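Since the structure comes first, as structure tokens, the remarks are kept for the end.
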DNA sequence: GGCTAAGCTGAGTCGGCACTCAACTTCAAC
DNA sequence: GTTGAAGTTGAGTGCCGACTCAGCTTAGCC
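Chains as they are written, first to last, in the numbering used here: chain R, 69 to 251; chain A, 69 to 251.
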């Protein structure tokens with residue numbers, strides 16, 4: 069298969085700027101933010117954005133991939149009996165800062181091929197789950213799908229519900245108790 | 069304060085049709101569906117929709133109120149030690165059928181004054197929570213806000229995540245265990 | 001330095017949607 | 001039945017956002 073030629077230096081620079089701007093814009097304003105706004109924030113013309121990412125979905129898919137990879141990496145850095153709880157807490161607390169991820173993870177978004185991008189995150193969380201179960205802090209009856217489901221649901225709830233710190237703590241306390249005790 | 073005069077018979081009929089159509093359309097397509105589509109489904113001209121509901125948000129607010137009242141009523145019909153769990157399970161299972169509610173409950177939506185409309189639902193769930201705690205099926209440490217938060221989050225997760233019956237069951241098992249055992 | 005393909009620009013096109021309004025229709029009070 | 005106010009109609013308006021493209025600029029190879 070043909071490999072596309074390397075980008076010119078200026079094009080590489082612009083591509084990076086666009087991705088950074090898109091991440092900021094979509095995280096703040098959600099996936100509904102306009103491409104125009106991304107271009108403005110990146111300091112390029114709108115045509116340039118579309119040269120690098122032919123459709124808005126392509127752009128969303130690209131930043132999702134980056135964001136998910138980053139989340140997976142931070143999950144990978146944790147471990148031990150409470151690693152899963154720590155990751156869970158962190159993701160929920162920062163839900164607002166990663167609005168785009170939560171947004172798109174939740175709804176099939178704008179029809180992005182997520183599975184591949186989500187894979188690493190799922191794998192990292194699976195690792196944390198395994199460790200927690202080995203340590204006995206999470207019941208053996210719990211499996212990965214429901215952990216991911218809860219992770220996404222609660223993050224999304226926190227984001228859109230604008231939960232304060234106390235509500236986050238209390239809600240997570242219920243979820244964590246459930247993970248420990250599930251019959 | 070002035071009371072608006074009673075509607076003419078045909079206007080009443082149209083108003084009801086519009087509400088029914090809006091409920092169907094927004095439940096199927098989400099809050100993003102067009103007013104045009106609502107008018108088509110109701111069998112009236114678009115101008116008629118806007119005569120009854122000056123803005124799209126007014127229309128959304130109206131059906132939200134109906135839907136929430138209906139949910140509150142169904143919660144009111146339940147009771148006993150497992151009433152809360154039953155209501156929870158039912159709402160999550162039907163999340164897809166009430167897409168509009170979940171949609172708008174979650175995000176402040178299109179800026180609708182929800183508090184008033186949500187009140188009755190919260191009260192009904194509070195009643196179920198009280199009964200469950202009296203019966204000992206839910207820990208006394210649990211309070212209403214986190215129950216509502218979980219209810220909304222998990223419903224939304226199920227809706228957008230397209231959870232199958234098994235995932236719903238497994239996820240709810242974790243939540244219910246948490247409600248029982250919360251330290 | 002000269003050249004050219006790669007890349008950039010931004011005004012413009014297109015489609016979709018919330019909302020308007022002048023002309024027309026219908027209910028209901030008498 | 002007549003009448004007028006209430007209600008309906010649907011083509012039209014305005015706005016916004018995704019996407020295009022002809023003309024211009026520039027990186028980078030000789």
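No residue lacks a Cβ here, since even glycine has one placed at the ideal position from N, Cα and C. These numbers were taken from a predicted model, which means no experiment stands behind them.
So with Cβ pairs under 9 Å, would you call residue 221 of chain A a contact of chain R? Start at 1 with the first residue of the second chain, and residue 221 of chain A comes out as number 153. Yes, its Cβ sits closer than 9 Å to a Cβ of chain R.
Are residue 152 of chain R and residue 205 of chain R closer than 9 Å when you measure CB to CB? Indexing the first chain from 1 puts residue 152 of chain R at position 84. Indexing the first chain from 1 puts residue 205 of chain R at position 137. Yes, they are a contact pair.
Verify the CB distance criterion: does residue 214 of chain R have a CB-CB separation below 9 Å to chain A? Stepping through the first chain from its first residue, residue 214 of chain R is reached at position 146. Judged by the 9 Å Cβ criterion, residue 214 of chain R is in contact with chain A.
Whole-angstrom distance between residue 192 of chain R and residue 179 of chain R, CA atom to CA atom: As a first step, residue 179 of chain R must be located in the first chain, where it is residue number 111. As a first step, residue 192 of chain R must be located in the first chain, where it is residue number 124. Because residue 179 of chain R carries a pLDDT of 46, less than 50, the predicted location of this residue cannot be relied on, and the following value inherits that uncertainty. One C-alpha to the other measures close to 24 Å.
Could you tell me how far apart the beta carbons of residue 79 of chain A and residue 109 of chain A are, in whole angstroms, since I believe they sit closer than 8 Å? Reading the second chain from its first residue, position 11 is the one you call residue 79 of chain A. Reading the second chain from its first residue, position 41 is the one you call residue 109 of chain A. The pair is not a contact, with the Cβ atoms about 18 Å apart (cut-off 8 Å).
Apart from the five residues on each side of it in sequence, which residues of its chain come closer than 7 Å, Cβ to Cβ, to residue 161 of chain A? As a position in the second chain, residue 161 of chain A is number 93, starting the count at 1. Excluding positions up to five away in sequence, the list reads 236.
Rounding to the nearest angstrom, what Cα-Cα distance links residue 198 of chain R and residue 150 of chain R in this structure? Position 130 of the first chain, counted from the start, is the residue given in the question as residue 198 of chain R. Position 82 of the first chain, counted from the start, is the residue given in the question as residue 150 of chain R. Taking the straight line joining both Cα atoms gives about 11 Å.
Rounded separation between residue 210 of chain R and residue 166 of chain R - CA only: Within the first chain, the letter at position 142 stands for residue 210 of chain R. Within the first chain, the letter at position 98 stands for residue 166 of chain R. So the two alpha carbons sit approximately 27 Å from each other.
Pairwise C-alpha distance: residue 240 of chain A and residue 249 of chain A: Within the second chain, the letter at position 181 stands for residue 249 of chain A. Within the second chain, the letter at position 172 stands for residue 240 of chain A. Rounded to whole angstroms, residue 249 of chain A to residue 240 of chain A spans 14 Å at the Cα level.
Interface residues of chain A facing residue 201 of chain R [CB-CB closer than 9 Å]: Residue 201 of chain R sits at position 133 when you count from the first residue of the first chain. Neighbours of residue 201 of chain R on chain A: none; closest Cβ ~13 Å, over 9 Å.
Identify the contact partners of residue 246 of chain A in chain R, using a Cβ-Cβ distance below 9 Å as the criterion. Position 178 of the second chain, counted from the start, is the residue given in the question as residue 246 of chain A. Simply 241, 242, 243, 244, 245, 246, 247, 248, 249 and 250.
When DSSP labels each residue in this structure, what does residue 113 of chain R get in the three-state scheme? Along the first chain, read from residue 1 onward, the residue named residue 113 of chain R stands at position 45. In this structure, residue 113 of chain R counts as coil in the three-state DSSP scheme.
Of all the options A:87, A:120 and A:220, which has the alpha carbon lying nearest to the alpha carbon of residue 189 of chain A? The count along the second chain starts at 1 and reaches residue 189 of chain A at position 121. Measuring from the Cα of residue 189 of chain A, the nearest candidate turns out to be A:220.
Own chain residues within Cβ distance below 7 Å of residue 216 of chain R, not counting five before or after: Here residue 216 of chain R refers to the residue found at position 148 of the first chain. So the list reads 190 and 193, once near-sequence residues are dropped.
Cα separation between residue 147 of chain R and residue 223 of chain R? In the first chain, residue 147 of chain R corresponds to position 79, counting from 1. In the first chain, residue 223 of chain R corresponds to position 155, counting from 1. So the alpha carbons of these two residues sit roughly 20 Å apart.
Going by C-alpha distance, which of A:213, A:184 and A:163 is nearest residue 94 of chain A? Start at 1 with the first residue of the second chain, and residue 94 of chain A comes out as number 26. The residue with the shortest Cα to Cα distance from residue 94 of chain A is A:163.
Under 7 Å between beta-carbons, which chain A residues line up against residue 165 of chain R? List them in chain order, please. In the first chain, the residue the question calls residue 165 of chain R occupies position 97. Residues of chain A passing the Cβ test: none, with the nearest at roughly 17 Å.
Taking only three categories from DSSP, how would you classify residue 225 of chain A? Sequence index remark: in the second chain, residue 225 of chain A carries index 157 (1-based). Residue 225 of chain A carries a helical assignment under DSSP once its states are collapsed to helix, strand and coil.
Buried or exposed by the 16-neighbour rule on C-beta atoms within 10 Å, applied to residue 107 of chain A: The sequence position of residue 107 of chain A within the second chain is 39, counting from 1. Counting Cβ neighbours within 10 Å, residue 107 of chain A comes out buried, since at least 16 surround it.
Quick one: what's got a C-beta closer than 8 Å to residue 196 of chain R's C-beta in the same chain, skipping five residues either side? Position 128 of the first chain, counted from the start, is the residue given in the question as residue 196 of chain R. Cβ neighbours of residue 196 of chain R beyond the five flanking positions: 143, 146, 147, 151, 152 and 155.
I need the boundaries of the alpha helix (DSSP H) containing residue 158 of chain R, first residue and last residue. Counting from one through the first chain, the residue named residue 158 of chain R turns up at place 90. Residues 151-161.
Is residue 238 of chain A close to chain R? Criterion is C-beta to C-beta, closer than 9 Å. The count along the second chain starts at 1 and reaches residue 238 of chain A at position 170. True, the Cβ-Cβ gap to chain R drops below 9 Å.
Taking only beta-carbon atoms, is residue 210 of chain A less than 9 Å away from chain R? Here residue 210 of chain A is taken as the residue at index 142 of the second chain, counted from 1. True, the Cβ-Cβ gap to chain R drops below 9 Å.
Leaving out five residues on either side along the sequence, give the residues of the same chain with a beta carbon under 7 Å from the beta carbon of residue 200 of chain A. Taking the first residue of the second chain as position 1, residue 200 of chain A is located at position 132. The answer, listed in chain order, is 149, 151, 152 and 206.
For residue 230 of chain R, does the three-state DSSP call read helix, strand or coil? One-based indexing of the first chain puts residue 230 of chain R at position 162. Residue state for residue 230 of chain R is assigned as coil, using DSSP reduced to three classes.
With distances taken between CB atoms, is the gap from residue 134 of chain R to residue 87 of chain R smaller than 9 Å? For the purposes of this step, residue 134 of chain R is taken as residue 66 along the first chain, with counting starting at 1. For the purposes of this step, residue 87 of chain R is taken as residue 19 along the first chain, with counting starting at 1. In contact: residue 134 of chain R and residue 87 of chain R (Cβ atoms closer than 9 Å).
Distance cutoff 9 Å, beta carbons only. Does residue 187 of chain R sit that close to anything in chain A? Position 119 of the first chain, counting from 1, holds the residue named residue 187 of chain R. No, its Cβ sits nowhere closer than 9 Å to a Cβ of chain A.
CA-to-CA distance, residue 136 of chain A to residue 99 of chain R, given in whole angstroms: Taking the first chain and counting its residues from 1, one reaches residue 99 of chain R at position 31. Taking the second chain and counting its residues from 1, one reaches residue 136 of chain A at position 68. Using only the alpha carbons, I get a separation of about 27 Å.
Is the beta carbon of residue 229 of chain R closer than 9 Å to that of residue 247 of chain A? Along the second chain, read from residue 1 onward, the residue named residue 247 of chain A stands at position 179. Along the first chain, read from residue 1 onward, the residue named residue 229 of chain R stands at position 161. The answer is no: Cβ separation not under 9 Å.
Under 8 Å Cβ to Cβ from residue 243 of chain R, same chain only, skipping five residues before and after it: list those, please. Taking the first residue of the first chain as position 1, residue 243 of chain R is located at position 175. So the list reads 156, 218 and 222, once near-sequence residues are dropped.
Against chain R, with Cβ distances strictly below 9 Å, would residue 225 of chain A count as a contact? In the second chain, residue 225 of chain A corresponds to position 157, counting from 1. Yes - at least one Cβ of chain R is within 9 Å of the one on residue 225 of chain A.
Along chain R, in chain order, which residues have C-beta atoms closer than 7 Å to that of residue 217 of chain A? As a working mapping, residue 217 of chain A is identified with position 149 in the second chain. Near residue 217 of chain A (Cβ distances below 7 Å), the residues of chain R are 225, 229, 231, 235 and 239.
Is the shortest distance between the beta-carbon of residue 95 of chain R and the beta-carbons of chain A less than 9 Å? Translated into the one-based positions of the first chain, residue 95 of chain R becomes position 27. It does not: the Cβ of residue 95 of chain R has no partner Cβ on chain A nearer than 9 Å.
Just checking my contact of residue 123 of chain R with residue 82 of chain R at CB under 8 Å: how many whole Å lie between their CB atoms? In the first chain, residue 123 of chain R corresponds to position 55, counting from 1. In the first chain, residue 82 of chain R corresponds to position 14, counting from 1. Here residue 123 of chain R is actually not in contact with residue 82 of chain R; their C-beta atoms are around 18 Å apart, not less than 8 Å.
Chain R within 9 Å of residue 207 of chain A, Cβ atoms only: Mapped onto the second chain, residue 207 of chain A falls at position 139. Interface residue, yes.
Taking DSSP as the reference, what is the three-state secondary structure of residue 144 of chain R? Here residue 144 of chain R refers to the residue found at position 76 of the first chain. In the three-state reduction of the DSSP assignment, residue 144 of chain R falls in the helix class.
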